[in-house]
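In what follows, a structure is listed as structure tokens, so that the remarks can point back to it.
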Amino acid sequence: MRLAFIFVAALALLAPTLEARELRWRELTVRAELDAEGRLLVQERHTMVFDGDWNGGERSFRVEPGQKLEFHSIDRVDPERGAVALRRGDLDEIDRWDWSSRHVLRWRSRLPSDPPFADTELTYVLTYALSDILVPRGGGYVLDHDFAFADRFGVIERFVLELELAPEWRTSEPLEGSVVLTDLYPGIGAPVTVPLEHAEDRPLAGVTRPLGAEWRHVALAATLAGMVAMLLPFLRRERALGR
Numbered sequence: 193m194r195l196a197f198i199f200v201a202a203l204a205l206l207a208p209t210l211e212a213r214e215l216r217w218r219e220l221t222v223r224a225e226l227d228a229e230g231r232l233l234v235q236e237r238h239t240m241v242f243d244g245d246w247n248g249g250e251r252s253f254r255v256e257p258g259q260k261l262e263f264h265s266i267d268r269v270d271p272e273r274g275a276v277a278l279r280r281g282d283l284d285e286i287d288r289w290d291w292s293s294r295h296v297l298r299w300r301s302r303l304p305s306d307p308p309f310a311d312t313e314l315t316y317v318l319t320y321a322l323s324d325i326l327v328p329r330g331g332g333y334v335l336d337h338d339f340a341f342a343d344r345f346g347v348i349e350r351f352v353l354e355l356e357l358a359p360e361w362r363t364s365e366p367l368e369g370s371v372v373l374t375d376l377y378p379g380i381g382a383p384v385t386v387p388l389e390h391a392e393d394r395p396l397a398g399v400t401r402p403l404g405a406e407w408r409h410v411a412l413a414a415t416l417a418g419m420v421a422m423l424l425p426f427l428r429r430e431r432a433l434g435r
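Basically the numbering used here = 1-based index in the sequence shown + 192.
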């Protein structure tokens with residue numbers, strides 16, 4: 193009985209510590225446009241609520257093999273000053289950002305010497321572009337993309353996606369102008385799949401098409417020709433030496 197009492201008391205003392213750190217997104221609004229060249233131009237507005245000794249925020253990008261991420265900017269929205277541009281640099285300073293790994297972005301919101309956050313709401317706006325995200329299929333393409341990163345610490349209470357297509361794109365299925373989701377817990381994203389056709393039959397700067405069969409044959413023939421050209425001088429020299 194005494195051991196049970198000690199265990200319960202320990203849990204009671206530990207509970208405030210366990211609850212001391214909480215992070216959630218009150219809202220994540222994503223505005224994305226697929227441009228005429230197949231690039232996805234994205235603006236994300238993160239309205240985050242910090243509770244506890246968090247140092248700042250983190251955004252993990254899932255970039256598939258062959259895709260390209262071009263990060264543009266991150267701003268903190270100040271209620272009085274408006275947009276405050278964060279600068280890339282030492283993460284020991286507030287309003288600095290940097291990559292902690294190849295596709296994990298971090299930024300500093302609080303110094304270790306500052307008081308912990310207490311249900312503090314901060315808003316950040318990220319802009320970036322993705323290319324080679326369209327999958328060529330048949331005579332068209334497929335956009336298959338998760339617009340809410342699943343690898344995160346907290347819940348997204350409200351998620352809004354506003355997706356626009358450049359006039360050159362056509363889709364056989366109706367495209368919802370706005371998608372609203374609620375209570376996206378860690379590990380849950382917002383995948384969207386849209387079949388697309390382009391009005392112009394031409395290569396697109398933002399899409400790398402795999403080589404067709406005939407071009408693969410040309411590439412193979414060129415490779416073999418290069419190998420033969422490198423081998424001939426060696427064979428001539430060996431013949432001259434009587435080997």
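For each residue, glycine too, the CB sits at the ideal point set by N, CA and C. On a predicted model such as this, the values are computed, not experimentally measured, just so you know.
Beta carbon of L318, beta carbon of E225: below 8 Å?
Numbered from its first residue, the sequence shown carries residue 318 at position 126. Numbered from its first residue, the sequence shown carries residue 225 at position 33. Going by C-beta atoms, L318 is not nearer than 8 Å to E225.
On the three-pair Cβ rule with 8 Å, is the segment 289-298 touching the segment 374-381?
no
Are D324 and T400 close, meaning C-beta to C-beta below 8 Å?
As a first step, residue 324 is located in the sequence shown; it is residue number 132 there, counting from the start. As a first step, residue 400 is located in the sequence shown; it is residue number 208 there, counting from the start. A contact, by the Cβ cut-off of 8 Å.
Touch check for the segment 257-265 and the segment 354-369: three-plus C-beta pairs under 8 Å?
no
Take V296 as the anchor and find which of R279, F253, Y316 has the nearest alpha-carbon.
Counted from its first residue, the sequence shown places residue 296 at position 104. The shortest Cα separation from V296 among R279, F253, Y316 belongs to F253.
Counting only runs that start and end within the segment 209-233, where is the beta strand (DSSP E) found for 3 or more residues in a row?
214-226
Where DSSP assigns a beta bridge to F309, which residues make up the other side?
Taking the sequence shown and counting its residues from 1, the one referred to as residue 309 is at position 117. For F309, which the question treats as bridged, DSSP gives the partners G244.
Cβ pair count under 8 Å reaching 3, the segment 265-283 against the segment 297-306:
yes
DSSP three-state assignment for S364, whether helix, strand or coil
Here residue 364 refers to the residue found at position 172 of the sequence shown. Residue state, collapsed to three classes: coil.
Neighbour-count burial assignment, L303, 16 or more Cβ in a 10 Å radius
For this step, residue 303 is matched to residue 111 along the sequence shown. Label assigned to L303: exposed.
Please return the same chain residues whose Cβ sits closer than 7 Å to the Cβ of F339, not counting the five positions on each side in sequence.
Along the sequence shown, read from residue 1 onward, the residue named residue 339 stands at position 147. Correct list, in chain order: V222, A224, L353, A382, V384.
Top-ranked residue by Cα proximity to Y316, from V234, A212, V269, L355:
Numbered from its first residue, the sequence shown carries residue 316 at position 124. For Y316, the nearest C-alpha among the options comes from V269.
Is DSSP giving T400 helix, strand or coil here?
For the purposes of this step, residue 400 is taken as residue 208 along the sequence shown, with counting starting at 1. Residue state, collapsed to three classes: coil.
Less than 8 Å between the beta carbons of G332 and P387, yes or no?
One-based indexing of the sequence shown puts residue 332 at position 140. One-based indexing of the sequence shown puts residue 387 at position 195. Yes, Cβ-Cβ distance for G332 and P387 is below 8 Å.
Where do the N-terminal and C-terminal ends of the beta strand (DSSP E) with E356 fall, by residue?
Mapped onto the sequence shown, residue 356 falls at position 164. Segment 348-357, the beta strand (DSSP E) holding E356.
Please list the terminal residues of the continuous beta strand (DSSP E) segment that includes S265.
By one-based count along the sequence shown, residue 265 stands at place 73. That run of the beta strand (DSSP E) goes 260-270.
With 16 other Cβ atoms within 10 Å as the buried cut-off, status of G404:
Taking the sequence shown and counting its residues from 1, the one referred to as residue 404 is at position 212. Caution applies to G404, whose pLDDT of 43 falls short of 50 and renders its modelled position unreliable; the value that the coordinates give is listed next. When all chains shown are included, G404 counts as exposed.
Tell whether a beta-carbon distance below 8 Å holds between P308 and G244.
Within the sequence shown, the letter at position 116 stands for residue 308. Within the sequence shown, the letter at position 52 stands for residue 244. It is a contact, given that the beta carbons lie within the stated cut-off.
Please state the DSSP three-state secondary structure of P304.
In the sequence shown, counting from the first residue as 1, residue 304 sits at position 112. Coil at P304, not helix or strand.
DSSP state of E250, grouped into three classes?
Translated into the one-based positions of the sequence shown, residue 250 becomes position 58. Looking at E250 - three-state DSSP - the assignment turns out to be strand.
With H, G and I counted as helix, E and B as strand and the rest as coil, what does DSSP make of L205?
Here residue 205 refers to the residue found at position 13 of the sequence shown. Only weak support is given to the placement of L205: the predicted model assigns it a pLDDT of 46, under 50, and the value that follows is read from those uncertain coordinates. Helix.
Roughly how many angstroms lie between the CA atoms of R251 and G230, to the nearest whole one?
One-based indexing of the sequence shown puts residue 251 at position 59. One-based indexing of the sequence shown puts residue 230 at position 38. Their backbone Cα atoms lie some 23 Å apart in a straight line.
Rounded to whole angstroms, what is the Cα-Cα separation between L215 and P395?
One-based indexing of the sequence shown puts residue 215 at position 23. One-based indexing of the sequence shown puts residue 395 at position 203. The straight-line gap from Cα to Cα measures roughly 44 Å.
Since R350 and E219 are thought to touch, with beta carbons under 8 Å apart, how far apart are those beta carbons, to the nearest angstrom?
Start at 1 with the first residue of the sequence shown, and residue 350 comes out as number 158. Start at 1 with the first residue of the sequence shown, and residue 219 comes out as number 27. That belief holds up - the Cβ atoms of R350 and E219 are roughly 4 Å apart, short of 8 Å.
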